[in-house]
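Trainee: Structure incoming, see below.
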Amino acid sequence: QLQLQESGPGLVKPSETLSLTCSVSGASISESSDSWAWIRQPPGNGLEWIGSVSYTGSGQNNPSLRGRVIVSANMSRNQVSLRLTSVTAADTALYFCARQVGREVVVGGSLLTTVWFDTWGQGTPVAVSS
Amino acid sequence: DIQMTQSPSSLSASIGDRVTISCRTSQSISSHLNWYQQKAGKGPKLLIYAASSLQSGVPSRFSGSGSGTDFVLTISNVQPEDFAFYYCQQTYFIPITFGGGTRVEIK
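If you're matching them up, the sequences are chains A and B in order.
Add 762 to the 1-based position in the first sequence for our numbering, that's all there is to it.
Add 4 to the 1-based position in the second sequence for our numbering, that's all there is to it.
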């Protein structure tokens, strides 16, 4: 059974770099054609997609984060990482990793290739404060 | 970015009620729409993918419909464990975006 476990420092100072790790168990990220995503949730607010990395190592990030994000995969450790530079108080949130599945689905008699996040971790809280 | 408008933002329901949550997108996304349930302190759980496909293991009282810009999540015969937050998500355009969420409370 696939399980994801996020970990990180908990507290980061403004202007520093946040580094988080998502440990994957129950599947090998190097043997999967799926991608891996990071999503965050500020206190009392909704969900924001941060970025994703595919099994080939290629990635896509949310343009709203203005190039501050690197999402990468460490195949040998079976982990996915997030680096977010120049953090501010606005980056305070609960950070989740998730498996991003892309499949063909029959919808209304037609084939549709689409994406969803089928497994999520419990999240790791990050506070940005001096 | 694709704007996702969920309504209502909260609702109260009694056990056994039928509940509907709407999600409207600012541009057509075909059927690239997913629904998630989130309970306090936990990661979201996938309920519906591709607008109307039920995720394995999810009770059949959950259903999804719609395409284009208008989508609906229906919970028939609401059970105590269904009281939670619900989010829609579009994956047609980058950035992937989520609706603002709907809180389903016990009446």
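Glycine included, C-beta positions come from ideal geometry on N, C-alpha and C.
All values derive from a computational prediction rather than experimental measurement.
Under 8 Å between the Cβ atoms of residue 842(A) and residue 798(A)?
Mentor: Here residue 842(A) corresponds to residue number 80 of the first sequence, with the count starting at 1. Here residue 798(A) corresponds to residue number 36 of the first sequence, with the count starting at 1. In this structure, residue 798(A) lies closer than 8 Å to residue 842(A) by Cβ.
Trainee: Does any residue of chain A bring its CB to less than 8 Å from the CB of residue 43(B)?
Mentor: If you number the second sequence from 1, residue 43(B) lands on position 39. False, the Cβ-Cβ gap to chain A never drops below 8 Å.
Trainee: Using 8 Å as the limit for Cβ to Cβ distance, is residue 771(A) near chain B?
Mentor: On the first sequence, position 9 is the one that residue 771(A) refers to. Not closer than 8 Å to any Cβ of chain B, the Cβ of residue 771(A) fails to qualify, so no.
Trainee: What residue range is occupied by the uninterrupted beta strand (DSSP E) comprising residue 810(A)?
Mentor: Here residue 810(A) is taken as the residue at index 48 of the first sequence, counted from 1. Residues 810–815.
Trainee: Hey, does residue 818(A) have any beta-carbon neighbour from chain B nearer than 8 Å?
Mentor: For the purposes of this step, residue 818(A) is taken as the residue at position 56 of the first sequence. It does not; no Cβ of chain B falls within 8 Å.
Trainee: Relative to the alpha-carbon of residue 852(A), which residue among 832(A), 804(A), 789(A), 861(A) has its alpha-carbon at the smallest distance?
Mentor: The residue you call residue 852(A) lines up with position 90 of the first sequence. Measuring from the Cα of residue 852(A), the nearest candidate turns out to be 804(A).
Trainee: Sort 774(A), 806(A), 768(A), 764(A) by Cα distance to residue 892(A) and report the nearest one.
Mentor: Here residue 892(A) refers to the residue found at position 130 when the first sequence is read from its first residue. It is 774(A).
Trainee: Measuring straight from C-alpha to C-alpha, what distance separates residue 5(B) and residue 771(A)?
Mentor: Here the question's residue 5(B) lines up with position 1 in the second sequence. Here the question's residue 771(A) lines up with position 9 in the first sequence. Roughly 31 Å between the two C-alpha positions.
Trainee: State the beta-bridge partners of residue 70(B) as determined by DSSP.
Mentor: By 1-based counting over the second sequence, the position of residue 70(B) is 66. Residue 70(B) pairs with 75(B).
Trainee: Thinking C-alpha only, which one of 49(B), 42(B), 53(B), 51(B) is nearest residue 806(A)?
Mentor: Position 44 of the first sequence holds residue 806(A). The option with the nearest alpha carbon to residue 806(A) is 42(B).
Trainee: Please list, in chain order, the chain A residues whose beta carbon lies closer than 8 Å to that of residue 90(B).
Mentor: Taking the first residue of the second sequence as 1, we reach residue 90(B) at position 86. Within chain A, no residue comes near residue 90(B); the closest Cβ sits about 11 Å away, beyond 8 Å.
Trainee: Residues of chain A with CB under 7 Å from residue 38(B), in chain order?
Mentor: Counting from one through the second sequence, the residue named residue 38(B) turns up at place 34. Result: 878.
Trainee: Taking DSSP as the reference, what is the three-state secondary structure of residue 843(A)?
Mentor: Residue mapping note: residue 843(A) aligns to position 81 of the first sequence, counting from 1. Strand.
Trainee: One question on the structure: do residue 73(B) and residue 32(B) come within less than 8 Å of each other, judged by their Cβ atoms?
Mentor: Numbered from 1 along the second sequence, position 69 holds the residue referred to as residue 73(B). Numbered from 1 along the second sequence, position 28 holds the residue referred to as residue 32(B). Their beta carbons are under 8 Å apart, which means residue 73(B) touches residue 32(B) by this criterion.
Trainee: Please state the DSSP three-state secondary structure of residue 792(A).
Mentor: Your numbering for residue 792(A) matches position 30 in the first sequence. DSSP places residue 792(A) in helix when its eight states are reduced to three.
Trainee: Could you check whether the Cβ of residue 17(B) sits closer than 8 Å to any Cβ belonging to chain A?
Mentor: Counted from its first residue, the second sequence places residue 17(B) at position 13. Closer than 8 Å: no.
Trainee: Nearest to residue 101(B) by alpha carbon, out of 34(B), 17(B), 24(B), 38(B)?
Mentor: As a first step, residue 101(B) is located in the second sequence; it is residue number 97 there, counting from the start. Of the listed residues, the one whose Cα sits closest to residue 101(B) is 38(B).
Trainee: Does the beta-carbon of residue 791(A) have 16 or more other beta-carbons within 10 angstroms, so that it is buried, or is it exposed?
Mentor: Here residue 791(A) corresponds to residue number 29 of the first sequence, with the count starting at 1. Under this definition residue 791(A) is a buried residue.
Trainee: What is the C-beta distance between residue 860(A) and residue 882(A), in whole angstroms, given that I count them as a contact (C-beta under 8 Å)?
Mentor: On the first sequence, residue 860(A) is found 98 positions in, with the first residue counted as 1. On the first sequence, residue 882(A) is found 120 positions in, with the first residue counted as 1. Sure, about 4 Å apart at Cβ, within 8 Å.
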